[in-house]
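Visitor: I have a structure I would like to understand better, so I am pasting it below and will then ask my questions one at a time.
2 protein chains.
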Amino acid sequence: MRVLVTGAAGFLGKHVARRFLAEGWEVRGFDLDDLSGSEFETVKGDLTDQASVEAAIRGTDTVAHIGAIGDVYLAGERPSLAAQVNVVGTSNVVQAANAAGVRVVYASTWEVYGEPEYEPIDEAHPTQPDHPYNITKLAGESMLLSACRLHGLSGIALRLGTAYGSGLRPNSVFRIFLDRARAGDKITVQGDGSQGRQFTHASDIARAFVLAASSDLSGRAINIVAPETVSIKELADLIVSRHPTEVEFGEPRAGDVPPATVTAALAGELLGWTADVPFDRGIEEFISSVPSRG
Amino acid sequence: MRVLVTGAAGFLGKHVARRFLAEGWEVRGFDLDDLSGSEFETVKGDLTDQASVEAAIRGTDTVAHIGAIGDVYLAGERPSLAAQVNVVGTSNVVQAANAAGVRVVYASTWEVYGEPEYEPIDEAHPTQPDHPYNITKLAGESMLLSACRLHGLSGIALRLGTAYGSGLRPNSVFRIFLDRARAGDKITVQGDGSQGRQFTHASDIARAFVLAASSDLSGRAINIVAPETVSIKELADLIVSRHPTEVEFGEPRAGDVPPATVTAALAGELLGWTADVPFDRGIEEFISSVPSRG
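Chains as they are written, first to last, in the numbering used here: chain X, 1 to 294; chain R, 295 to 588.
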């Protein structure tokens, strides 16, 4: 079986591509960024260019569509770019996959739900995204599910928990806390730090992609979220316990997604997926994956 | 007061531009299509080009953002184009308006709701669009409301009923029925024709735009939908009563939005808007507005 992994040069794309390789799939990686040194076939291309997407999909069985403006801050600063890559780009992938009869597994996000109306949030919960990042990710998801319904495309959307693991981008809260703590600089927690997140390890997410690619379930969105809730304060404390430094509390950041508990029970039922990596192990592994500076 | 009307060469844009003119606003029309012969200042430009949107917005107080791939069939055939114009284009308008301190009144659609969970549908009803047209219109709306919340932009989204009136595009069901009936050709109703629509006259919609532009209500989406429900069968019968021809029933069309009753009570409360044009008067006016062929 052959899979095209879009965004294969990114944090999550790399984890997913490697997992497919490990499971015996042939992997083709697609990215605008440099893919040299990859252990798999690579194609440099732009999601917003229909022809290059079509060419890259040719000859594959499945697309793991992860390529996106995944940096929430960048999406907030450049909403039109987020719309371009996350909606037009996804629409290009969906159209090309539909034309080629290729299955799509799409990286959506738990952030599509917005303010919780009940908890834990399951897949039947209304969606009310409120930031260019999650708005455009939901629009991409809807485009996929619409093509499944209208054109019989085989596809599934994974609403991922906040991902962490080796290779996280430098402006992620994990990296900022760790880099500052190691340098002996103060860590700033936005708000009171009580806001919780179900941080989900990239290796668990990668496994979900392979399970979803191998399933014939279609036309659904499924939560892929680890069960543990860790507050930002706890994350800061964990890092400070290893690299002692001061923790201060700042203004809550506008546009931060409110905390909510999300259940992945459906993923257990339909895909046989549950998270394997407990947070204490995952954070340990993350810390050791980031080389100390200097 | 000066308003930029995007999509001013289109069916709804023309009605809205004329209404603003009639209410004493200075009007600048923006469209990719030909605007020659307009009674107002015009700018030829592309919504997907940030610079041309910025230039067009300069010096105005309000944007009535109507420009879109508004043809549902075209959006279904070319989802990436719909994403480009309706999401990236709207995002460009929102960014430019935000930078210039200009208010935005956005043409959204009742179709964002999807399958009704209760009726009549009010603005608190969940949104679950299922077609590239309404998916991209909702994403545009969400981008606007997000900018209101995050950046203090002044803006409002009008979730419009199915619009009709003079100048409707030739592939609308109104024009297809009328043109075929006049030619003595059979009219085909998709499904059993019982599916109802709250057809809303373009002049009522145009009035809602002026009311919304003049209000300082912000960060909300409001239904602008006429109260009467008319079935497709009734529409066909009305036209056939004037131009007798045969009516047949075909397969329901995949992707048609399911019927649902929508309430515009909030528009009455917050904008003082209710629909003025009863359907029998509106359809009469529509029929007389379309010149007979040959």
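By construction, the Cβ of each residue, glycine as well, lies at the ideal position given by its N, Cα and C atoms.
Assuming residue 95/X is part of the beta strand (DSSP E), what are its boundary residues?
Guide: Taking the first sequence and counting its residues from 1, one reaches residue 95/X at position 95. First-last for residue 95/X: 89–100, but that is the alpha helix (DSSP H), not the beta strand (DSSP E).
Visitor: Along the chain, where does the beta strand (DSSP E) containing residue 151/X start, and where does it finish?
Guide: Here the question's residue 151/X lines up with position 151 in the first sequence. Premise fails: residue 151/X lies in the alpha helix (DSSP H), 132–151, not in any beta strand (DSSP E).
Visitor: How far does the beta strand (DSSP E) with residue 26/X in it reach, from first residue to last?
Guide: On the first sequence, position 26 is the one that residue 26/X refers to. Residues 26–31.
Visitor: Could you pull the start and end residues of the beta strand (DSSP E) that residue 222/X belongs to?
Guide: Residue 222/X sits at position 222 when you count from the first residue of the first sequence. Here the beta strand (DSSP E) through residue 222/X covers 220–224.
Visitor: Report yes or no: is there a C-beta of chain R within less than 8 Å of the C-beta of residue 50/X?
Guide: Looking up residue 50/X in the first sequence gives position 50. Residue 50/X counts as touching chain R.
Visitor: Please list the partners that residue 389/R has in chain X, where partner means a Cβ-to-Cβ separation under 7 Å.
Guide: Taking the second sequence and counting its residues from 1, one reaches residue 389/R at position 95. Within 7 Å Cβ-Cβ: 79 and 80.
Visitor: Under 8 Å, CB to CB, which of the residues in the region 421–433 of chain R have a partner in chain X?
Guide: 421, 422, 423, 424, 425, 426, 429, 430, 432 and 433
Visitor: Verify whether the separation of the beta carbon atoms of residue 28/X and residue 16/X is less than 8 Å.
Guide: As a working note, residue 28/X is residue 28 in the first sequence. As a working note, residue 16/X is residue 16 in the first sequence. Contact flag unset, no.
Visitor: Taking DSSP as the reference, what is the three-state secondary structure of residue 422/R?
Guide: If you number the second sequence from 1, residue 422/R lands on position 128. It is coil, neither helix nor strand.
Visitor: Leaving aside the five residues before and after residue 188/X along the sequence, list all residues of the same chain whose C-beta is less than 7 Å from its C-beta, in chain order.
Guide: By 1-based counting over the first sequence, the position of residue 188/X is 188. Only 248 and 250 meet the Cβ criterion.
Visitor: Thinking C-alpha only, which one of 582/R, 554/R and 389/R is nearest residue 344/R?
Guide: Numbered from its first residue, the second sequence carries residue 344/R at position 50. Ranking the options by Cα distance to residue 344/R, first place goes to 389/R.
Visitor: Assuming contact is defined by CB atoms lying nearer than 8 Å, are residue 386/R and residue 80/X in contact in what I supplied?
Guide: On the second sequence, position 92 is the one that residue 386/R refers to. On the first sequence, position 80 is the one that residue 80/X refers to. In this structure, residue 80/X lies closer than 8 Å to residue 386/R by Cβ.
Visitor: So, for residue 6/X: in the same chain, excluding its five sequence neighbours on each side, which residues have a beta-carbon less than 6 Å away from its beta-carbon?
Guide: As a first step, residue 6/X is located in the first sequence; it is residue number 6 there, counting from the start. If we look at residue 6/X and ignore the five residues flanking it on each side, its Cβ neighbours are 30, 65, 66 and 67.
Visitor: Mind checking who residue 398/R pairs with in its DSSP beta bridge?
Guide: Residue 398/R sits at position 104 when you count from the first residue of the second sequence. Per DSSP, 357/R and 449/R.
Visitor: Determine the chain R residues that contact residue 304/X at a beta-carbon separation under 7 Å, and present them in chain order.
Guide: Outside the displayed range of chain X (1 to 294) lies residue 304/X, so it cannot be described from this structure.
Visitor: Would you say residue 223/X lies against chain R (beta-carbon separation less than 8 Å)?
Guide: Numbered from 1 along the first sequence, position 223 holds the residue referred to as residue 223/X. For residue 223/X, the answer is no, since every Cβ of chain R falls outside 8 Å of its Cβ.
Visitor: DSSP on residue 250/X, reduced to helix/strand/coil?
Guide: Residue 250/X sits at position 250 when you count from the first residue of the first sequence. Correct three-state label for residue 250/X: strand.
Visitor: Using C-beta distances below 6 Å, list every residue in its chain close to residue 488/R, excluding the 5 sequence neighbours before and after it, in chain order.
Guide: Here the question's residue 488/R lines up with position 194 in the second sequence. Beyond the five residues adjoining it in sequence on each side, residue 488/R comes within less than 6 Å, by CB distance, of 525 in the same chain, given in chain order.
Visitor: When the Cα atoms are used, what is the spatial distance from residue 423/R to residue 146/X?
Guide: Sequence index remark: in the second sequence, residue 423/R carries index 129 (1-based). Sequence index remark: in the first sequence, residue 146/X carries index 146 (1-based). Taking the straight line from one Cα to the other gives about 9 Å.
Visitor: When the cut-off is 8 Å and only beta carbons count, does residue 443/R lie next to chain X?
Guide: Counting from 1 along the second sequence, the entry for residue 443/R is found at position 149. Output row for residue 443/R: interface = yes.
Visitor: On a CA-only basis, which of 519/R, 530/R, 492/R and 565/R is nearest residue 507/R? Give me that one, please.
Guide: One-based indexing of the second sequence puts residue 507/R at position 213. Of the candidates 519/R, 530/R, 492/R and 565/R, the one whose C-alpha sits nearest the C-alpha of residue 507/R is 565/R.
Visitor: Which residue or residues does DSSP assign as beta-bridge partners of residue 196/X?
Guide: As a first step, residue 196/X must be located in the first sequence, where it is residue number 196. Residue 196/X pairs with 231/X.
Visitor: Hey, could you find the ends of the beta strand (DSSP E) residue 296/R is sitting in?
Guide: Locating residue 296/R in the second sequence gives position 2, counting from the first residue. Annotation for residue 296/R: the continuous beta strand (DSSP E) segment containing it runs 296–300.
Visitor: Along chain A, in chain order, which residues have C-beta atoms closer than 9 Å to that of residue 465/R?
Guide: Considering every chain present, this structure includes no chain A. Its protein chains are X and R.
Visitor: DSSP three-state label for residue 504/R, please.
Guide: Stepping through the second sequence from its first residue, residue 504/R is reached at position 210. Residue 504/R: helix per DSSP, three-state reduction.
Visitor: Any beta carbon from chain X within less than 8 Å of residue 402/R's own beta carbon?
Guide: If you number the second sequence from 1, residue 402/R lands on position 108. By this cut-off, residue 402/R is not an interface position.
Visitor: My assumption, with CB atoms under 8 Å, is that residue 162/X sits in contact with residue 102/X. Please give the rounded CB distance.
Guide: Counted from its first residue, the first sequence places residue 162/X at position 162. Counted from its first residue, the first sequence places residue 102/X at position 102. Going by Cβ atoms, the distance from residue 162/X to residue 102/X rounds to 29 Å, so no, they are not a contact pair.
Visitor: For residue 308/R, count neighbouring Cβ atoms within 10 angstroms of its own Cβ and tell me buried if that reaches 16, exposed if not.
Guide: Working through the second sequence from its first residue, we reach residue 308/R at position 14. By the neighbour-count definition (other C-beta atoms within 10 Å, threshold 16), residue 308/R is a buried residue.
Visitor: Rank 498/R, 348/R, 370/R and 332/R by C-alpha distance to the C-alpha of residue 547/R and give the top, closest one.
Guide: Here residue 547/R refers to the residue found at position 253 when the second sequence is read from its first residue. Checking every option, the nearest Cα to that of residue 547/R belongs to 370/R.
Visitor: How long is the line joining the alpha carbons of residue 87/X and residue 484/R, rounded to whole angstroms?
Guide: Working through the first sequence from its first residue, we reach residue 87/X at position 87. Working through the second sequence from its first residue, we reach residue 484/R at position 190. Approximately 31 Å, taken between the alpha carbons.
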